[in-house]
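Read the structure below first, then the notes.
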Amino acid sequence: MTIAHQLLKINQAIHAAARESGRQEDAVTLVVVTKNRSVQQIQEAISAGQRHFGESYLQEAVLKINALKDDALQWHFIGTIQSNKTRLVAEHFSWVHSVTRCEIAERLNAERPQYLPPLNVCVQINISHETTKSGLAPEALSDFMKCFKALSRLRLRGFMVIPRQTQDFQEQLKIYNEVTQIFRAFIAEGWQIDTLSMGMSNDFRAAICAGSTMVRLGRAIFSKEKE
Ligand SMILES: *Cc1c(COP(=O)(O)O)cnc(C)c1O
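Under the working numbering, the first residue of the sequence shown carries the number 49, and numbering increases by one thereafter.
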């Protein structure tokens, strides 16, 4: 199975899930997660029309971004951000999904180059209350989001979540629906946010049914390559 073929199949599955949840086919953006994948694999995806790519390891990501040097691509940083590495993120990415501290947001804001548009940011929520995962508890969000008000080089777009893994569709749906409710509550309060980054290879259909606008898929695209 080629990467192009797999992308076609996954895009069809994304469109079908969006339609089933009563939304437009193009309501969900596919971010192809390329951590541990080669520049050549990314090039194959680009040739097949893919433009959004996600990376979680900064040094590996910067090497690939510089090797590809393509302004048409949008790179999404989805990993843990260390405070001494914010400049590299601010200079190389269009999106960051994993902001959980004001200090990090302030650094990204100060280091975002003037020649680039504002950096799109999602706040990572820890919805399953897992102590091993990063992300803010839902109760902490209201206070935390105030820190974006003064940061003009960042554009707060919404939330990202990595829930506890389960193969049970109803369980996946329940957790993602909780995130959607939080998202809608902030919109009702007047926040202009439009992005719910939720859904990975094992649960993207449930995430889309619950209202996801952005899925981050790695294995679903690449693991069938050798078959
Ligand atoms: C690796 C990763 C993904 C992709 O996971 P798959 O199961 O390969 O689809 C998505 N989001 C984050 C934050 C990741 O680190």
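C-beta: ideal position from N, C-alpha, C; glycine also.
Beta-carbon proximity of residue i to residue j, cut-off 8 Å
| i | j | result |
| --- | --- | --- |
| Val171 | Phe207 | yes |
| Val76 | Ser190 | no |
| His103 | Trp123 | At residue 103 the sequence reads Glu, which differs from the His that was named. Cβ distance < 8 Å, so Glu103 and Trp123 count as in contact. |
| Ile230 | Pro211 | no |
Chain-order list of residues whose beta-carbon lies under 7 Å from that of residue i (same chain, five-residue window excluded)
| i | result |
| --- | --- |
| Trp168 | The question names Trp, but residue 168 is Asn in the sequence shown. Answer for Asn168: Ser142, Trp143, Arg203, Arg205, listed in chain order. |
| Ala66 | Gln72, Glu73, Ala75, Val76, Ile256 |
| Arg99 | Ala120, Leu121, Gln122 |
| Thr214 | Gln220 |
Best match in the options for proximity to residue i [C-alpha to C-alpha]
| i | options | result |
| --- | --- | --- |
| Glu159 | Gln218, Ser182, Asn132 | Asn132 |
| Leu106 | Ala233, Gln89, Gly97, Lys83 | Lys83 |
| Glu187 | Ile175, Arg99, Glu103 | Ile175 |
| Leu116 | Lys197, Phe101, Gly127, Arg67 | Phe101 |
| Asp216 | Gly238, Ser249, Asn157, Ala254 | Ala254 |
| Gly127 | Arg232, Ser182, Arg155 | Ser182 |
| Thr148 | Gln162, Val110, Ile129, Ala138 | Ile129 |
Cβ distance (whole Å) where residue i is taken to contact residue j below 8 Å
| i | j | result |
| --- | --- | --- |
| Gly51 | Ile241 | Inspection of the sequence shows that residue 51 is occupied by Ile rather than by Gly. Rounded, the Cβ-Cβ distance is 32 Å, inconsistent with contact. |
| Gln220 | Asp251 | 4 Å |
| Gly266 | Val81 | 4 Å |
| Ala153 | Cys195 | 6 Å |
| Ile173 | Leu184 | 6 Å |
Neighbourhood of residue i by C-beta, 6 Å cutoff - its chain only, sequence neighbours within 5 removed
| i | result |
| --- | --- |
| Leu96 | Note that residue 96 corresponds to Ala in the displayed sequence, not to Leu. Result list for Ala96: Ala52, Leu55, in chain order. |
Chain-order list of residues whose beta-carbon lies under 8 Å from that of residue i (same chain, five-residue window excluded)
| i | result |
| --- | --- |
| Pro166 | Arg160, Ser200, Arg201, Leu202, Arg203 |
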